[in-house]
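Right, one structure below, let's go through it.
Numbering (our numbering), first residue to last: 321 to 615.
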């Protein structure tokens, strides 16, 4: 079994969850009960003019309230908080038992043994040989996570759209036969921020050639900021967040499911191993996006 314990456990990284909403979410995860706040306007300096005996001169600047465009520009420069950035790992519900048995979500080359493989065999083999730029590692050394629940590869499952990365059965099954393990960027890296390659972020499929990849922690944060600040969000839907070898189950904040039947099954499995990970039924994550329906 791969050891997932970090050298030292962070004690106050915002991983524990707050009040639960009616959908079973908390810590701001639910976009319905915790809608994003509107950005506060930023004071902008304008020059006030005063009249003197010798003519008009520029006086001390007076503040005014900026419009939304200027306020948005200031937010774009604000650093992101890795504690609040969510990452999502999709797997079939039948794989919950082996994951619980390992005590962690394992990378392919770290010993993952899915009962039902979501990945196409050819795609999995390719990731075992696809190098990560700047590292002595391949993509299969890492656990893959998505940065959005509307990511292209997951939406292919939700819409039953064939995708070369997915096993044939993955797009034939009901989306609700899958579960989504939710973590945070901060939880994934833990105390390993000084370790280059502990986590990697790519702006597209990590195994594809020519993708941009960041593996040093400051570079990871900068790329995440760019991906989340882009107006069209296209690269965010294609991006991957990779965690070296494994993600311990205690760093999984939530297991999202599509219906009560799968929720009860997951809770029974968690009870069997004495874990109290939150399980929430949230159908919107398991349904096609409005954008897809409109195409």
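Quick reminder that beta carbons are idealized off the backbone N, C-alpha and C, glycines included. Here the structure is a predicted model, which means the values were calculated and not measured.
Look up residue i in the DSSP assignment and give the residues it is bridged to.
| i | result |
| --- | --- |
| residue 522 | 533 and 560 |
| residue 411 | 499 |
| residue 576 | 500 and 600 |
| residue 439 | 486 |
| residue 567 | 425 |
| residue 406 | 504 |
| residue 463 | 563 |
| residue 593 | In DSSP, residue 593 forms no bridge with anything. |
| residue 491 | None; residue 491 has no bridge partner. |
| residue 458 | 451 |
If you compare alpha carbons, which of the options is closest to residue i?
| i | options | result |
| --- | --- | --- |
| residue 463 | 427, 404 and 532 | 427 |
| residue 608 | 568, 476, 412 and 440 | 476 |
| residue 419 | 407, 434, 578 and 406 | 434 |
| residue 459 | 430, 553 and 484 | 430 |
| residue 489 | 530, 441 and 587 | 441 |
| residue 579 | 539, 559, 557 and 499 | 499 |
| residue 538 | 404, 457, 532 and 516 | 516 |
| residue 471 | 603, 556, 577 and 606 | 556 |
| residue 461 | 425, 549 and 487 | 425 |
| residue 558 | 526, 543, 536 and 549 | 526 |
By how many angstroms is the C-alpha of residue j removed from the C-alpha of residue i?
| i | j | result |
| --- | --- | --- |
| residue 491 | residue 324 | 31 Å |
| residue 384 | residue 399 | Caution applies to residue 384, whose pLDDT of 45 falls short of 50 and renders its modelled position unreliable; the value that the coordinates give is listed next. About 25 Å. |
| residue 392 | residue 502 | Because residue 392 carries a pLDDT of 44, less than 50, the predicted location of this residue cannot be relied on, and the following value inherits that uncertainty. Cα to Cα, residue 392 sits roughly 28 Å from residue 502. |
| residue 438 | residue 514 | 33 Å |
| residue 497 | residue 414 | 8 Å |
| residue 411 | residue 467 | 15 Å |
| residue 528 | residue 402 | 26 Å |
| residue 394 | residue 545 | Residue confidence for residue 394 is low, a pLDDT of 45 falling below 50, so the modelled location carries little weight; the figure read from the coordinates is stated next. Cα to Cα, residue 394 sits roughly 13 Å from residue 545. |
| residue 569 | residue 560 | 20 Å |
| residue 386 | residue 474 | Confidence at residue 386 is low in this model, with a pLDDT of 41, below 50, so the placement of that residue should be treated as unreliable; the coordinate-derived value is given next. Approximately 39 Å between the Cα atoms of the pair. |
| residue 616 | residue 485 | Any question about residue 616 goes unanswered here, given that the chain covers just 321 to 615. |
| residue 406 | residue 504 | 4 Å |
| residue 587 | residue 423 | 15 Å |
| residue 604 | residue 448 | 33 Å |
| residue 479 | residue 534 | 31 Å |
| residue 417 | residue 409 | 15 Å |
| residue 436 | residue 577 | 17 Å |
| residue 432 | residue 443 | 15 Å |
| residue 509 | residue 543 | 15 Å |
| residue 487 | residue 465 | 17 Å |
| residue 421 | residue 531 | 34 Å |
For residue i, count the other beta carbons within 10 Å of its own beta carbon; 16 or more makes it buried, fewer makes it exposed. Which is it?
| i | result |
| --- | --- |
| residue 551 | exposed |
| residue 511 | exposed |
| residue 389 | Reliability fails at residue 389, whose pLDDT of 43 lies under 50, so the model's placement of it is uncertain and the value that follows must be treated cautiously. Burial call: exposed. |
| residue 469 | buried |
| residue 518 | buried |
| residue 581 | exposed |
| residue 445 | exposed |
| residue 314 | Limits of the chain in this structure are 321 at one end and 615 at the other, which puts residue 314 out of reach. |
| residue 482 | exposed |
| residue 507 | buried |
| residue 495 | buried |
| residue 554 | exposed |
| residue 456 | exposed |
| residue 601 | buried |
| residue 606 | buried |
For the ligand ZN, is there any heavy atom lying closer than 6 Å to the beta carbon of residue i?
| i | result |
| --- | --- |
| residue 451 | Only the bare structure without any ligand can be found here, which leaves the ligand ZN out of the picture. |
Worksheet item: Are there three or more Cβ pairs, one per stretch, closer than 8 Å when the stretch 586–603 is compared with the stretch 556–564?
Response: no
Item to complete: Decide if the stretch 445–457 is in contact with the stretch 519–529; the criterion is three or more beta carbon pairs, one per stretch, under 8 Å apart.
Response: yes
Discussion item. Assess contact between the stretch 568–586 and the stretch 595–607, defined as three or more Cβ pairs (one per stretch) separated by less than 8 Å. Is contact present?
Written reply: yes
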